[in-house]
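Q:
Numbering (my numbering), first residue to last: 1 to 1054.
(1) Are the stretch 406-420 and the stretch 215-229 in contact at 8 Å, needing three or more beta carbon pairs?
(2) With a threshold of 16 other CB atoms inside 10 Å of the CB of residue 50, please say whether the residue is buried or exposed.
(3) How many angstroms separate the CA atom of residue 152 from the CA atom of residue 344?
(4) Which value, in whole angstroms, describes the spacing of the CA atoms of residue 192 and residue 547?
(5) State buried or exposed for residue 695, treating a residue as buried only when at least 16 other CB atoms are found within 10 Å of its CB.
(6) Which residue's Cα is closest to the Cα of residue 236: 368, 55, 340 and 567?
(7) In angstroms with no decimal places, state the Cα-to-Cα distance between residue 1086 and residue 982.
(8) Using the beta-carbon count (16 or more within 10 Å), is residue 781 buried or exposed?
(9) Can you look up residue 633 in the DSSP assignment and give me helix, strand or coil?
(10) Return the chain-ordered ranges of every beta strand (DSSP E) run that is complete within the stretch 1011-1054 and spans a minimum of 3 residues.
(11) Checking 9 Å against the spacing of the C-beta atoms, do residue 255 and residue 277 come in under that value?
(12) Could you round the C-beta distance between residue 863 and residue 833 to whole angstroms and report it? I think they count as a contact, below 8 Å.
(13) Can you give the Cα-Cα distance for residue 849 and residue 815, rounded to whole angstroms?
(14) What number of angstroms, rounded off, separates the C-alpha of residue 1050 from the C-alpha of residue 1001?
(15) Quick one: is residue 126 buried, meaning 16 or more other Cβ sit within 10 Å of its Cβ, or exposed?
(16) As a quick exercise: from 630, 247, 481 and 48, pick the residue whose alpha carbon is nearest that of residue 933.
(17) Could you check what DSSP says for residue 882 in three-state terms: helix, strand or coil?
(18) Examine the Cβ distances between the stretch 947-961 and the stretch 991-999 and report whether three or more of them are shorter than 8 Å.
(19) With contact counted as at least three CB pairs below 8 Å, one residue from each stretch, are the stretch 510-526 and the stretch 558-577 in contact?
(20) Kindly indicate which residue of 497, 200 and 1009 has the alpha-carbon position closest to the one of residue 757.
(21) Kindly indicate the opening and closing residues of the alpha helix (DSSP H) around residue 684.
(22) For residue 1052, which residues in the same chain have their Cβ closer than 6 Å to its Cβ, ignoring the five residues on either side in sequence?
(23) Given 8 Å as the limit, is there contact between the stretch 612-627 and the stretch 592-600, that is, 3 or more CB pairs closer than that?
(24) With DSSP run on the structure shown, which of helix, strand or coil describes residue 554?
(25) Could you tell me the distance, in whole angstroms, from the CA atom of residue 271 to the CA atom of residue 252?
(26) Do the stretch 606-621 and the stretch 644-662 meet, that is, are 3 or more Cβ pairs less than 8 Å apart?
(27) Assuming residue 404 contacts residue 304 (C-beta within less than 8 Å), just tell me the rounded distance between them.
(28) What's the call for residue 362, buried or exposed, on a 16-neighbour Cβ count within 10 Å?
(29) Can you tell me where the alpha helix (DSSP H) with residue 134 in it begins and where it stops?
(30) Give me the residue from 745, 558, 338 and 582 with the minimum Cα distance to residue 501.
(31) For the pair the stretch 893-905 and the stretch 871-879, tell me if three or more CB-CB distances fall below 8 Å.
(32) For the beta strand (DSSP E) that contains residue 645, what are its first and last residues?
(33) For residue 575, is the classification buried or exposed, using 16 other Cβ atoms within 10 angstroms of its Cβ as the cut-off for buried?
(34) Got a sec, what are the start and stop residues for the alpha helix (DSSP H) residue 277 sits in?
(35) Buried or exposed, going by whether 16 or more other CB atoms sit within 10 Å of the CB of residue 1040?
(36) Can you tell me whether residue 529 is helix, strand or coil according to DSSP?
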């Protein structure tokens, strides 16, 4: 416009800026120097100073980004007047990752002990409902086993192989509070922030008497700084049966095999039965159940019942949902979560059900820059409701014993005997319900005596738990024939009346557990090169539990199933246990220029499990490390080889173990109810007190450990190797035998020693590259370990081996020099093919079966005469004269391994986990029907692999000629031998997960930060060399079949 001045101003000039300041630290609270602090989308920024502090001017509504090499990027929305204090989290495989250790945290780069850790993200990528099973294959030499597939079962933990002949488990702590493996199995996996294993004595020493065999530290999540975060996760799963025994169902084949197995002891399924089975095979319209030609009062069946499919359903659903709400600022940090899990069992009728609920609330309030207080409260409730008789082996065991020819129902609609024991009990036989509930709260406080240097911390934990059980048993009636009276079975017993087998039971366990910790932590760096840390503290634990049961038989009515409404004698039992641990612990760290690392740990421990004069022990440890790549001479090597970090570690430590009886040092008088009813009750009998050795004291565990940590090629390749020797000294074992007339058992004494040698390797490669316009990231992680254990002291001067009687071990004998797990057995040469071979071979009557009159025939096993005396026997059953036995294998698991494969591209993520055992020998126990089938008992099912047996036409079959009872005791098949020694190594595709995360530009419109869908499958494929179709994790017959799981779910973050 003419003669007018037009001024154009940028809109941004009207935006008001305000100052923002704050401090950036790592997770341990150490200041981070040189962190880049930028206003998102601009070049406006700053760097943190030597104290981790920063300040800059930002516009209203700005988002501030924090980035630092080796740490995850962080974003916060700036607010005027609000100080931004940030704790940055290291990358999960980075050297700066902060790892939870005993009563504190340390950077991985500064560790000198044998410590491994994973973040909760490794659990979040798949739908895990049990922390124990979810950790399998994720941490080196953390060995996790599952006894069966029951949903209430808890995984068992082990670190570094054999611990003691008396057993010994790692010490598990959740947020520094001791937990059992059963309690861990009921936790919410989505709450887990990290899992750390402390494997050598130096790393575990600070936990003292309960940490002799390693420590597992589980840390739960807390609120994140600066913003409200809400998550919701849900998945629906379908479970199907895993590996189960395979049997033949054809009635004619079954009858012929059973007849041949029982003959000549008795004529099982005589010719007329087999003839009818042949007719039925040609004419399926004939009745399956008929009047027994040999006994007109009874029925006989010619069925082809697949009892496994009758008892167990093809699939069962499971559902899991959890949520969390968290937030943190300069004053208040909180985390609240909830979890619900429901799973239907695999039983076809009235299936078992498992429900679990979890609630957790954590909060930390900063009163001022020196004082913090906090709380951590948890409530868990879990219920397992099941048919009354599934608590033992009944169903899965009887499924494999009940003959396929049997049918569930008689022609008149009543139960058959086999049908009643299986399907009848499932539908009518009573119920058992167990409810576990636990409330725990921890109150903690932290006082900064010298700010950022010297801190005093303390916490008190109160736990109250209960296990309530209610069970009632109702027998099921069945008929053996049209003119037979009704009989009743409760699965284990048979009676003539309903009332005599009815019963009702109540059970309760009340638990009180208190923990108190107070400790002072000092850390300061002098002249930028001398870093000194010191920790001293006090720990006290008290445990009390009261177990009570009441059982009464003879219910007045099946509609009233409580002990109060029964007529039988009341059987009651109560057991109270108390124990306490008290200790003073110390730790001293010194690091010079992040190059030379020294750590000293010690603990004075007192345990109530020992007499007063032997109650206290002192257990020290030391570890050191040298970061070679910090040396000047290594700079040229570093550039030439691509080595980023090389650290050498070594440690030695001693720990006391008190995982033994609460009252082992006291002379206890055994008591029990006698069987005679007096005045309506069963009187209590009190016996002679058991003797106690005066030297009863600590078992001591000493460990020597050496290790190497290596990263190369800009941290794309990570390698870690540890080698260790663990000495378990003073194990409790039998003392000198007492005269039988004494009438009391031999007391345990500290008379045995064990040495375990082992190693473990972690190899991890990760990288990313451009694929099209997007990054393709992938990783391959290999874990492998090994250990072997040897007896170095044991009171067995005669070198006696294990004694046998009908397949059961009467004595668990060890001997000096023994490798734990050794299997002594005969050497199998094959089968006798004719009478001349039997005549000219060494006599085998001493290892024959009494059911065969100790005679051998063509098709029977032929054993090698190792000592050349013309007889096959066990000699004196000692290592000095074992007869014709030698060490043929070892049943200890060797080379546990896993391969973890990950990849991500354009929102897709993929993971596959392979887990297995590289070497293990296994000889099936006598009576193992899943393997031996009719060779154990003639009425057992004919396993499909049993059909490959010796005949004149098949002289090289796998099994000998068909005959029963030779796998029931120490004769023939029941005696360990080379031919049937199984290779129990396996490889299992433990998990495959495929996920997809929607692009942020789609989800942000709905104010959703992240939305991920996934499909996951667990235990879907197994490679095994076992002759039978037995799950290699449940070799001697699981109580409940293992399952495969297929699930679909979503992860939602706001």
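Backbone N, C-alpha and C define an ideal beta-carbon position, used for all residues, glycine too. Quick caveat, the model's predicted, so the values are computed rather than measured.
A: Judging by the given coordinates:
(1) no
(2) exposed
(3) 11 Å
(4) 31 Å
(5) exposed
(6) 340
(7) Because the chain spans 1 through 1054 in this model, residue 1086 falls outside it and cannot be assessed.
(8) buried
(9) helix
(10) 1043-1053
(11) yes
(12) Residue 863 to residue 833, Cβ: 15 Å. No contact.
(13) 29 Å
(14) 18 Å
(15) buried
(16) 247
(17) coil
(18) no
(19) no
(20) 200
(21) It is not in any alpha helix (DSSP H) - residue 684 instead sits in the beta strand (DSSP E) that spans 684-686.
(22) 232 and 1011
(23) yes
(24) coil
(25) 11 Å
(26) yes
(27) 6 Å
(28) buried
(29) 131-134
(30) 558
(31) no
(32) 643-657
(33) exposed
(34) 271-282
(35) buried
(36) coil
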